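Enquirer: Residue numbers for the sequence shown, in my numbering: 13 to 199. Cβ atoms here follow ideal geometry from the backbone N, Cα and C, with glycine treated the same way. Note that the coordinates shown come from a computational prediction; the quantities given were computed from them, not determined experimentally.
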Amino acid sequence: MSTNHKGDKRMSVYELMFLLNEDQREELTKKLDTVLAVDIGKSFVKTNTGIKFPSNVYLGEKTCNSSLDSLQVTWKEKPYTVGDRSRPQNIILTDYNSDEYKICILTAIALGFEGEENIQVRLGLGLSPMYFRDHNEKLKEEIMKLNKQTISINIGEEIKNYSIEILEVRVFKQACTLPDKYLKRRD
Numbered sequence: 013m014s015t016n017h018k019g020d021k022r023m024s025v026y027e028l029m030f031l032l033n034e035d036q037r038e039e040l041t042k043k044l045d046t047v048l049a050v051d052i053g054k055s056f057v058k059t060n061t062g063i064k065f066p067s068n069v070y071l072g073e074k075t076c077n078s079s080l081d082s083l084q085v086t087w088k089e090k091p092y093t094v095g096d097r098s099r100p101q102n103i104i105l106t107d108y109n110s111d112e113y114k115i116c117i118l119t120a121i122a123l124g125f126e127g128e129e130n131i132q133v134r135l136g137l138g139l140s141p142m143y144f145r146d147h148n149e150k151l152k153e154e155i156m157k158l159n160k161q162t163i164s165i166n167i168g169e170e171i172k173n174y175s176i177e178i179l180e181v182r183v184f185k186q187a188c189t190l191p192d193k194y195l196k197r198r199d
């Protein structure tokens, strides 16, 4: 058992697992398997599963000038190019009502659950401390409205179709870090 900064005793997920019976452990494991953390950043979209692509979405198909690792995504019968390194980032961090923001999230979910086509997800989203107070509830509500969506992603020569159901959304305030030169040294 560990203690947090306030001195409260907390149990880790692993410690909790030992206290549960087999059915409870199985149920908790199933829930944990549906969790995905996604960070829509100024430069990149990142997940806790190691997915990372540039934060840009453009309506239309890939062109001969598109970077090789950009993705062709179809959502609501419209083609989009996602993560094209040859184009500037165009995601506004607080514009979660936009199709572009939602496509970044749906693409991250599809890629984050590698090998799965019918995905149920409990989504953890990070939000910058400067936006958290004003936007966390609105962001959660907007992404929950997506509910069930289908997208297809052209990966190489193959088109993969994904059915995504968003079961839950939690928004977390991102931690800030400072470069070492700003930290006081305690030698």
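Determine, using beta-carbon pairs with one atom in the region 129-137 and one in the region 157-177, whether at least three such pairs fall under 8 Å.
Expert: Cβ pair count under 8 Å is three or more, so yes.
Enquirer: Can you find the residues in the same chain that come closer than 6 Å, C-beta to C-beta, to V183, ignoring five residues on each side of it along the sequence?
Expert: Closer than 6 Å at Cβ, skipping near neighbours: L137, L139, N148, L151, K152.
Enquirer: For E73 versus P91, is the C-beta spacing smaller than 9 Å?
Expert: For E73 and P91, yes; Cβs fall inside 9 Å.
Enquirer: For the beta strand (DSSP E) containing T93, list its first residue and its last residue.
Expert: Here the beta strand (DSSP E) through T93 covers 90-94.
Enquirer: Less than 9 Å between the C-beta atoms of A122 and I52, yes or no?
Expert: In this structure, I52 does not lie closer than 9 Å to A122 by Cβ.
Enquirer: Quick one: Cα of K54 to Cα of S67, how far?
Expert: Approximately 6 Å, taken between the alpha carbons.
Enquirer: Within 10 Å of its beta-carbon, does T41 have 16 or more other beta-carbons around it, so buried, or fewer, so exposed?
Expert: Result: exposed.
Enquirer: Could you name the residues of the same chain whose beta carbon sits closer than 6 Å to that of G124, not counting the 5 residues immediately before and after it, in chain order?
Expert: For G124, where only same-chain residues beyond five positions count, the Cβ hits under 6 Å are L48, T59, T61, I63.
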